[in-house]
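Q:
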Amino acid sequence: MKLAGLKSVDDAHNDSVWAVAWVPATSSRSPLLLTGSLDETVKLWSSDELVLENTSTGHCLGVASVAAHPLGTIAASSSLDSFVRIFDVDSNATIATLEAPPSEVWQMRFDPKGAILAAAGGASASVKLWDTTTWKVVADLAIPQPEGPKPTEKNSSKKFVLSVAWSPDGQRLACGSVDGTISVFDVARAKFLHHLEGHTMPVRSLVYSPSEPRLLVSASDDAQVHMYDAEGKTLIGAMSGHASWVLCVDVSPDGEAIATGSSDKTVRLWDLGMRASVQTLSNHTDQVWGVAFRPPGAGSSQVRGGGRLASVSEDKSISLYDYS
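Residues in the sequence shown are numbered from -5 upward in steps of one, following my numbering.
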């Protein structure tokens, strides 16, 4: 795989762009790119030309996370104003407003079937699960502390939960914390299973491989990208290359590559088979907060020969890359 710059939009927002996600295609429209910014807005962009389709202004503070339902019909945005807005993608109408404690939704993900929305709960040391039919909380997964204090644990910041990811079958949920640990849950039983360790600093982003259900990839402020057997509790690979914090990670639809964004202002492409960085892109002039591969689906190009990767940055810009 090789990335080639396709399109960039400078000043896509009026402030830092913190969040990005793809809205899957439906039978009546192509995929859309969803972005959220410190400027309190959420924007929808056309899939290839990055033409602005819609702007939402429903939040009172910066948007920390965005997520799209797998059917492509609804999406969610969370803000530092402590609210999560659920809205219809095509009409922009608000479907539900979910309230959380202040600053308690740092990252959200819909499960693969779209039945549950999971939110990393910040200082509450938990992950909240909302039913997407009733929009009621159906579980609050509390994260236990690892056994035995670490020498670096001097305060309660170790409880802060930053990131969340679903396994491809929706049976497992993983979340990353400020103390560098990753917690894995059995969702059906709302049961904590185990911690995954290895990082020494906050885990800001997590993603399961779509082709290897047990493979979990993590990005951390320790400048490392880790690969875990999430079921076997085993660290199976550690990759380095970024010069600073790794802020975001995503796995390609074919499961063969990952993309990362860093506070070193670069996007890197990694070959999972080689466990090595194979390309570095420097489109942005400030830290890269989000990377997202476009999912395959109706109205979208096939995975091979027409893939897309998007990245967003503190510099207010969006970049779109082509790969084959």
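Cβ atoms here follow ideal geometry from the backbone N, Cα and C, with glycine treated the same way.
#1: Tell me where the beta strand (DSSP E) around residue 135 begins and ends.
#2: Using DSSP bridges, identify the partner residues of residue 177.
#3: Starting from the C-beta of residue 235, find all residues in its chain whose C-beta is less than 7 angstroms away, skip the five residues before and the five after it, and write them out in chain order.
#4: Nearest-angstrom Cα distance between residue 38 and residue 190?
#5: Measure how close the beta-carbons of residue 200 and residue 176 come, nearest whole angstrom, since I'm counting them as under 8 angstroms.
#6: Quick one: what's got a C-beta closer than 7 angstroms to residue 221's C-beta in the same chain, skipping five residues either side?
#7: Where in the segment 232 to 315 do unbroken runs of the beta strand (DSSP E), each at least 3 residues long, occur, reported from the N-terminal end onward?
#8: Do residue 113 and residue 94 have their beta-carbon atoms positioned less than 8 angstroms apart in this structure?
#9: Quick check: the segment 39 to 51 against the segment 122 to 137, are there 3 or more CB pairs under 8 angstroms?
#10: Using a Cβ-Cβ cut-off of 6 angstroms (strictly less than) and excluding sequence neighbours within five positions of residue 103, which residues of its own chain qualify?
#11: Just grab the DSSP bridge partners of residue 14 for me.
#12: On the CB-based measure, 16 or more other CB atoms within 10 Å of its CB, does residue 92 come out buried or exposed?
#13: Looking only at its chain, what residues have a beta carbon closer than 6 angstroms to the beta carbon of residue 10, apart from the 5 residues adjacent to it on each side?
#14: Whole angstroms is fine: what's the gap from residue 326's alpha carbon to residue 185's?
#15: Can you tell me where the beta strand (DSSP E) holding residue 8 begins and where it ends?
#16: Leaving out five residues before and five after residue 171 in sequence, what residues of the same chain have Cβ atoms less than 6 angstroms from its Cβ?
#17: Per DSSP, what kind of secondary structure is residue 153 in: helix, strand or coil?
#18: How is the beta strand (DSSP E) around residue 49 delimited, first residue to last?
A: On the basis of the supplied data:
#1: 131 to 136 is the extent of the beta strand (DSSP E) around residue 135.
#2: According to the DSSP secondary-structure assignment, residue 177 is paired through a beta bridge with 169 and 189.
#3: Cβ neighbours of residue 235 beyond the five flanking positions: 262 and 271.
#4: CA-CA distance, residue 38 to residue 190, rounds to 35 angstroms.
#5: Taking the Cβ atoms as the reference, residue 200 lies roughly 7 angstroms from residue 176, within the contact range of under 8 angstroms.
#6: Correct list, in chain order: 209, 211, 230 and 231.
#7: Correct list: 240 to 245, 251 to 256, 261 to 265, 270 to 275, 282 to 287 and 301 to 307.
#8: Taking a C-beta distance under 8 angstroms as the contact criterion, residue 94 and residue 113 qualify as a contact pair.
#9: Taking one beta carbon from each stretch, the segment 39 to 51 and the segment 122 to 137 have fewer than 3 pairs nearer than 8 angstroms; the two do not touch.
#10: Counting only Cβ-Cβ distances below 6 angstroms, and skipping sequence neighbours, we find 61, 112, 158 and 160.
#11: For residue 14, which the question treats as bridged, DSSP gives the partners 29.
#12: Under this definition residue 92 is a buried residue.
#13: The answer, listed in chain order, is 32 and 308.
#14: As shown, the chain starts at -5 and ends at 318. That puts residue 326 outside it, with no answer to give.
#15: From DSSP, residue 8 is part of no beta strand (DSSP E); its letter is neither H nor E.
#16: Cβ neighbours of residue 171 beyond the five flanking positions: 155.
#17: Helix, per DSSP.
#18: Secondary structure note for residue 49: its beta strand (DSSP E) is the uninterrupted segment 46 to 50.
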